[in-house]
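A.B. asks:
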Amino acid sequence: MLVLLTALAHLLAFLSTDRMARYPGKESWGIAAFNLLLFSLLLVAVLALGRLYYSRGYLLSATFLCFPLLVFYLTRVPPVRLALVPGGVADWLRAHVGEKLPIARLDEVEGVVADLHHLDPKALPLLAEASLRGIPILHAASVYEGYTGRVPLGPHFNEGLMALAEMDRGLYPWFKRLWEVGLVLFLSPLILVLGVLVALLVYWDLGRPVIFAQERVGLGGRPFKAYKFRTMRGAPREGVYVGEEEARLTPLGRFLRRYRLDELPQFWNILKGDMSLVGPRPEQRVLAEVYAKEIPLYPLRHSVRPGLTGWAQVQQGYTEGVEGTRLKLSYDLYYIKHLSFWLDLRILVKTLWVIGTGFGAR
Numbered sequence: 013m014l015v016l017l018t019a020l021a022h023l024l025a026f027l028s029t030d031r032m033a034r035y036p037g038k039e040s041w042g043i044a045a046f047n048l049l050l051f052s053l054l055l056v057a058v059l060a061l062g063r064l065y066y067s068r069g070y071l072l073s074a075t076f077l078c079f080p081l082l083v084f085y086l087t088r089v090p091p092v093r094l095a096l097v098p099g100g101v102a103d104w105l106r107a108h109v110g111e112k113l114p115i116a117r118l119d120e121v122e123g124v125v126a127d128l129h130h131l132d133p134k135a136l137p138l139l140a141e142a143s144l145r146g147i148p149i150l151h152a153a154s155v156y157e158g159y160t161g162r163v164p165l166g167p168h169f170n171e172g173l174m175a176l177a178e179m180d181r182g183l184y185p186w187f188k189r190l191w192e193v194g195l196v197l198f199l200s201p202l203i204l205v206l207g208v209l210v211a212l213l214v215y216w217d218l219g220r221p222v223i224f225a226q227e228r229v230g231l232g233g234r235p236f237k238a239y240k241f242r243t244m245r246g247a248p249r250e251g252v253y254v255g256e257e258e259a260r261l262t263p264l265g266r267f268l269r270r271y272r273l274d275e276l277p278q279f280w281n282i283l284k285g286d287m288s289l290v291g292p293r294p295e296q297r298v299l300a301e302v303y304a305k306e307i308p309l310y311p312l313r314h315s316v317r318p319g320l321t322g323w324a325q326v327q328q329g330y331t332e333g334v335e336g337t338r339l340k341l342s343y344d345l346y347y348i349k350h351l352s353f354w355l356d357l358r359i360l361v362k363t364l365w366v367i368g369t370g371f372g373a374r
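In this text, residue positions in the sequence shown follow my numbering: the first is 13, and each later residue adds one.
Right under this line is the structure:
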């Protein structure tokens, strides 16, 4: 029985890792370690609750042996050889990810990349030959997404991106709300203990109030009050970039921001329905209005609930200004387009790494 349950746990770890690894990123070993640890702990819980015999040495040995196999499984596939047809977005793709994209001749490729909406008629015979040979023809924009984890922005893509707000996501938004609230409630004892401790430290450092509310933009562009622990001297100001407020941060405030402890009150926003655990980070209303005027399609990021953590945060880190926000939007729209449980889980795993390293913390 122990062998069968261990094999099942490791099989589930393999399947979960495989699904999470389908999104762009290089943290294969981290994903493998997370899934092995998670399913090993679940296995121990099942064995303990069922009062079944198990050997700690056997479980540890099996897990340590499985880890390198799982990492090898993730890294075993060599880079896909692609032929890039010049013209339109394909030229833009070559300029942006050309160093990552192996360019090859038609007789030695597994796929042909082309801008199917702005195709040079001279390329049609090449595509016809590729089709006859059974070689897949890939849209340049989709290949760009797969390599960068971003949705390309620009006039060529606006028509397709406009459909994101009306995309049918099935039952997942409902399921997402269910599992996120359940996870927050499960972790609530830990959150409350940490929250009380941080509140006492903030009170000792800055006095009252220990929490401040700031208007942010949520689902459908509706404003809501987001709560955070104070980290700065004086009252918070609206429409000001965080980088401009560095001088007002206290040493304790820097520590809280580095480990995201100042955002603990936003778990209340999640329970209220203002926010999700994972989603585009909510922007200040004043800045959101500025970005909406400067960046086409910026309001599309409000087609899902904002999150405590998000794809842009774990991939890009902290950014500000119009150009930085334009890049952040490309990550946010990728998340909205590919919204799924496995992408959410990958973001949560990467968030743990971000918190531990302080990447992008402000």
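Heads up, the beta-carbon is just placed ideally off N, CA and C, and yes, glycines get one too. Note that the structure is predicted; figures quoted are calculated from it, not measured.
1) Look at the alpha carbon of Gly-99 and the alpha carbon of Gly-158, and state the distance between them as a whole number of angstroms.
2) At 3 residues or longer, what runs of the beta strand (DSSP E) sit wholly inside the segment 313-347?
3) Within a Cβ cutoff of 7 Å, which residues of the same chain sit near Val-210, ignoring the five residues on either side of it in sequence?
4) Check whether the segment 31-44 touches the segment 350-359, counting contact only when three or more Cβ pairs, one atom from each stretch, lie closer than 8 Å.
5) Kindly indicate the opening and closing residues of the alpha helix (DSSP H) around His-22.
6) Starting from Tyr-239, follow its DSSP beta bridges and name the residues at the other end.
7) Can you tell me where the alpha helix (DSSP H) holding Ala-74 begins and where it ends?
8) Hey, would you say Ile-367 sits closer than 8 Å to Arg-338, going by beta carbons?
9) Strictly by DSSP, which residues pair up with His-129?
10) Would you kindly check if the distance between the Cβ of Val-101 and the Cβ of Ala-142 is under 8 Å?
11) Just the Cα atoms here: how many angstroms apart are Leu-16 and Gly-194?
12) Leaving aside the five residues before and after Val-214 along the sequence, list all residues of the same chain whose C-beta is less than 6 Å from its C-beta, in chain order.
13) Give every residue of the same chain whose Cβ lies closer than 7 Å to the Cβ of Ala-44, excluding the five residues on either side of it in the sequence, and list them in chain order.
14) By a C-beta neighbour count over all protein chains shown, 10 Å radius and 16 as the cutoff for buried, is Ser-315 buried or exposed?
15) Indicate the three-state DSSP secondary structure (helix, strand or coil) for Ser-200 in the structure shown.
16) Would you mind reading off the limits of the beta strand (DSSP E) that contains Leu-96?
17) Counting Cβ pairs closer than 8 Å, one from the segment 229-237 and one from the segment 317-326, do we hit at least three?
C.D. replies: In short:
1) 20 Å
2) 319-321
3) Phe-241, Leu-268, Leu-273, Leu-276
4) yes
5) 14-32
6) Ala-225
7) 68-87
8) no
9) None; His-129 has no bridge partner.
10) no
11) 29 Å
12) Val-222, Phe-241, Arg-242
13) Thr-29, Phe-79, Leu-82, Val-83, Leu-86
14) buried
15) helix
16) 94-96
17) yes
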